[in-house]
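Below: one structure, written as structure tokens.
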Amino acid sequence: MTKSMVYPVALGLAGVLYLVLALFLQIDSPLFAFALITLSGYELVRNHRRKYKP
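Count the sequence shown with my numbering and you get residues 13 to 66, in order.
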């Protein structure tokens, strides 16, 4: 696995962990949800900037 793949894979695993906690164990953490949304947005912006670099 390359260095550029580590962050998206970790973000995906965090998303799956949150879904398991929220849907199956009924543990809903607003702090974890906010952190996941923030990190997902950051990854989208970072990926867009890297892809469309002038």
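For every residue, glycine included, the Cβ atom is placed at its ideal position computed from N, Cα and C.
| Item | Value |
| --- | --- |
| Could you give the C-beta distance for L56 and L23, rounded to a whole number, given that I count them as a contact under 8 Å? | With 8 Å as the limit, L56 and L23 do not qualify as a contact, their Cβ atoms being about 10 Å apart. |
| From P20 to S41, what distance separates their C-alpha atoms? | 21 Å |
| Under a three-way DSSP split, which group does S3 fall into? | Residue 3 cannot be examined here, being either before or after the span of the chain that is shown, 13 to 66. |
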